[in-house]
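J.: Quick one: structure below, then a few questions.
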Amino acid sequence: MGEELKVQMTDVHKAFGKKVVLDGVDLQVKKGESLVIIGGSGTGKSVTIKCIQGLLIPESGSIKVDGREIIGLSEKEMEEVNSKTGMLFQGAALFDSLNIWENVAFGLMEGKKMKRAEAKEIAIEKLRQVGLSPDVAPLYPDELSGGMKKRVGLARAIATNPELIFFDEPTTGLDPIMSDVINDLIRSCVSDLGATSITITHDMSSVRKIADKVAMLYKGKIIWYGAAADIDRTGNPYVEQFINGRADGPIRMEVRG
Amino acid sequence: MNVFAPVGRVFLNFLRSTGKLALFTLNTVSHCVRPPFYFRSLFSQMIEIGFYSLPVVALTTMFSGMVIALQSYSGLSGFSSEGVVASVVELTITRELGPVLAALMVAGRVGAAMAAELGTMRVTEQIDALTTLSTNPFKYLIVPRVLAGTLMLPVLVLIGDVIGIYGGYLICYYKLDFNAVNFLRNTWDFMKAVDIVSGLTKAAVFGFIVTLLGCYNGYHSKGGAEGVGKATTNAVVSASILILICNYMLTELFFTK
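As given, the protein sequences belong to chains A and B, one line each in that order.
Numbering-wise, our numbering puts -5 at position 11 of the first sequence, and it's gapless, one number per residue.
Every position in the second sequence, counted from 1, becomes a number in our numbering once 39 is added.
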């Protein structure tokens, strides 16, 4: 029990009004492991990770990060938990009003109270790590392409050397080659840091590239969980339909959510 | 078809949004007094509100002062108007038109901009990104704006008072052929501390209202570009209405007895 578990979710329920999104999610992530959560749009993937970050509060259940129950923590205590995590948002969510290096260094300067000069050095090093030259440091987010924004978002997520990193659809909206580049970067950044990661995606090439473990979410429940290597021989009709991208099968796309 | 259902729904919605706004206000005030403080953002917001609103506030108060001088002269001619015009200009500008017009102009300029900026940050997940970088969005985004509004609007109104009275002076001296010295002496003799104090108190309250509603509507906006547009409209309309209502109540508070 509890040996080296980074995140443990037990029977988590979350609903928005009458719409039940998470209907008893159980999930465990070991330290240093890369978990990928797959599932169609609107199945509760984003809600799951928002619950782990304390951005949403579930109605019932338990979420433990490093063995510490996070449901019911005060804002201050949650900040403490979040100071050891990083996140790459789907749209990168870079701050428009700050330039690139200030974006990357934000967690260092505001969260960890580091001096600007020192934080800038680390930011430029992190930018180099994601394959961006120091020339982009003084630019603003709206001057960058989608792929570059993703890289900056990744640099920002890893800037504070977090122990737990979330990736929200890291390859959505990118061309296949850039997707592969981002997947490689995620893989190398996570293993360099020795961090645990939780990724949500519906891009199967991401899954094959970065996952150690895969969980499939459907209608607010985890319907399959296992090693990434076993994903092609699950015998689970839901998983098979999803990974092969077939319109017909047990999963019915709800046209109206 | 139940007649009471829609009435009840409207009433419940009203209660819900009032409660939400009250909580938001309490949250803002409580974060105002708890560290960390972001002086850099406070300073830039003070410049944005105080300095860049000067032209609009100067223009509106200037023309109001001119109009009051003209109207009170034509409306009151037959009385010993020279002294009356000066005092009417002084009274209306310092007690009423200075604070109300400045606040309405700032609501249109600053309140709308805040709602749009925070609304965009909300829908592009930048506010969530702040949380994941262990920075409290209330402290980083809302407190500096609301504080800057509350502090800078009195400054703007004080400048507006001077410019408004100057507008009245221009009309009296160049158009109505009053004696310049007499106008200024009448204004000065008639002016009481309570005129200025009540006007500046109103300004501080209005500054709080404008920035709070701008932030509230932006922070809670949802649904993409359309939602941001709605938030902006709501911020300006609700702030303007609340300014006029509070203006009556503050006048009652200061001047009845």
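Backbone N, C-alpha and C fix where the C-beta goes; we use that ideal spot for every residue, glycine too.
Source: prediction; values computed, not measured.
(1) Using 8 angstroms for Cβ pairs, my map puts glycine 257 of chain B next to leucine 157 of chain B. What's the rounded Cβ distance?
(2) For a minimum of 4 consecutive residues, which ranges assigned as the alpha helix (DSSP H) are wholly contained in the stretch 130 to 154 of chain B?
(3) Assuming the contact rule is C-beta atoms closer than 8 angstroms, leucine 78 of chain A and valine 136 of chain A should be a hit. Round their C-beta distance to whole Å, please.
(4) Please report the distance separating the alpha-carbon of proline 248 of chain A from that of alanine -1 of chain A.
(5) Could I get the ranges of all uninterrupted alpha helix (DSSP H) runs contained in the stretch 242 to 296 of chain B, with 4 residues as the minimum, in chain order?
(6) Would you mind working out which of A/Ile33, A/Ser81, A/Ser67, A/Leu19 sits nearest glutamine 84 of chain B, comparing C-alpha positions?
(7) Tell me the DSSP bridge mates of threonine -6 of chain A?
(8) Taking only runs that begin and end inside the stretch 46 to 107 of chain B, name each unbroken alpha helix (DSSP H) of 4 or more residues, in chain order.
(9) Establish whether the CB of alanine 103 of chain A and some CB of chain B are separated by less than 8 angstroms.
(10) Please go through the same chain and pick out, in chain order, the residues whose beta-carbon is closer than 8 angstroms to the beta-carbon of serine 111 of chain B, but skip the five residues on each side of it.
(11) Indicate whether alanine 151 of chain B and alanine 274 of chain B have their beta-carbon atoms separated by less than 8 angstroms.
(12) Could you say which of B/Met105, B/Met101, B/Val162, B/Leu192 lies nearest to alanine 142 of chain B if we only look at CA atoms?
(13) Does chain B have any CB closer than 8 angstroms to the CB of glycine 229 of chain A?
(14) List the endpoints of the continuous beta strand (DSSP E) containing lysine 3 of chain A.
(15) Compare the C-beta of leucine 180 of chain B with all C-beta atoms of chain A and state if any pair is closer than 8 angstroms.
(16) Put leucine 82 of chain A into one of helix, strand or coil per three-state DSSP.
(17) Tell me the DSSP bridge mates of aspartate 234 of chain B?
(18) Any Cβ of chain A within less than 8 angstroms of the Cβ of serine 113 of chain B?
(19) Report the neighbours of alanine 77 of chain A on chain B: residues whose CB is nearer than 8 angstroms to its CB, in chain order.
(20) Could you tell me which residues DSSP pairs with alanine 44 of chain B in its beta bridges?
(21) Quick check on the DSSP output: what are the complete beta strand (DSSP E) runs of length 3 or more inside the stretch 56 to 121 of chain A, in order along the chain?
(22) What does the alpha-carbon distance come out to for the pair lysine 48 of chain A and lysine 14 of chain A?
(23) Once DSSP output is grouped into helix, strand and coil, what is the label at lysine 203 of chain A?
(24) Less than 8 angstroms between CB atoms is the rule here; does methionine 71 of chain A satisfy it with respect to chain B?
T.: So, from the data block:
(1) Locating residue 257 of chain B in the second sequence gives position 218, counting from the first residue. Locating residue 157 of chain B in the second sequence gives position 118, counting from the first residue. Confirmed, about 3 angstroms.
(2) Fully enclosed alpha helix (DSSP H) runs of 4 or longer: 137 to 145.
(3) Here the question's residue 78 of chain A lines up with position 94 in the first sequence. Here the question's residue 136 of chain A lines up with position 152 in the first sequence. Yes, leucine 78 of chain A and valine 136 of chain A are in contact; Cβ-Cβ is about 6 angstroms, under 8 angstroms.
(4) Chain A is shown from -15 up to 241; residue 248 of chain A falls before or after that span and cannot be answered.
(5) Every unbroken stretch of the alpha helix (DSSP H) spanning 4 or more residues and falling wholly within the stretch 242 to 296 of chain B is given here in chain order: 263 to 294.
(6) What you label residue 84 of chain B is simply residue 45 of the second sequence in a count that begins at 1. Closest by alpha carbon: A/Ser81.
(7) As a first step, residue -6 of chain A is located in the first sequence; it is residue number 10 there, counting from the start. Beta-bridge pairing links threonine -6 of chain A to A/Ser46.
(8) 78 to 85
(9) Within the first sequence, residue 103 of chain A is the residue found at index 119, counting from 1. False, the Cβ-Cβ gap to chain B never drops below 8 angstroms.
(10) Looking up residue 111 of chain B in the second sequence gives position 72. The residues are Ser120, Val123, Val124, Val127, Val128.
(11) In the second sequence, counting from the first residue as 1, residue 151 of chain B sits at position 112. In the second sequence, counting from the first residue as 1, residue 274 of chain B sits at position 235. Yes, they are a contact pair.
(12) To locate residue 142 of chain B, count along the second sequence from 1; it is residue 103. With distances taken between Cα atoms, alanine 142 of chain B lies closest to B/Leu192.
(13) Here residue 229 of chain A refers to the residue found at position 245 when the first sequence is read from its first residue. Chain B contact via Cβ: absent.
(14) Counting from 1 along the first sequence, the entry for residue 3 of chain A is found at position 19. From DSSP, the beta strand (DSSP E) with lysine 3 of chain A extends over 3 to 14.
(15) Locating residue 180 of chain B in the second sequence gives position 141, where the first residue counts as 1. Taking a beta-carbon distance threshold of 8 angstroms, leucine 180 of chain B does not count as an interface residue toward chain A.
(16) The residue given as residue 82 of chain A occupies position 98 in the first sequence. Correct three-state label for leucine 82 of chain A: coil.
(17) Within the second sequence, the letter at position 195 stands for residue 234 of chain B. Paired residues: none, contrary to the question.
(18) The residue you call residue 113 of chain B lines up with position 74 of the second sequence. So no, serine 113 of chain B is outside the interface.
(19) Position 93 of the first sequence, counted from the start, is the residue given in the question as residue 77 of chain A. Here the neighbours are Thr163, Glu164, Gln165, Asp167, Ala168.
(20) Translated into positions along the second sequence, residue 44 of chain B becomes position 5. None, per the DSSP bridge assignment.
(21) 69 to 72
(22) To locate residue 48 of chain A, count along the first sequence from 1; it is residue 64. To locate residue 14 of chain A, count along the first sequence from 1; it is residue 30. Rounded to whole angstroms, lysine 48 of chain A to lysine 14 of chain A spans 12 angstroms at the Cα level.
(23) Position 219 of the first sequence, counted from the start, is the residue given in the question as residue 203 of chain A. If DSSP states are grouped into helix, strand and coil, lysine 203 of chain A belongs with coil.
(24) In the first sequence, residue 71 of chain A corresponds to position 87, counting from 1. Yes, methionine 71 of chain A lies at the interface with chain B (some Cβ there is under 8 angstroms from its Cβ).
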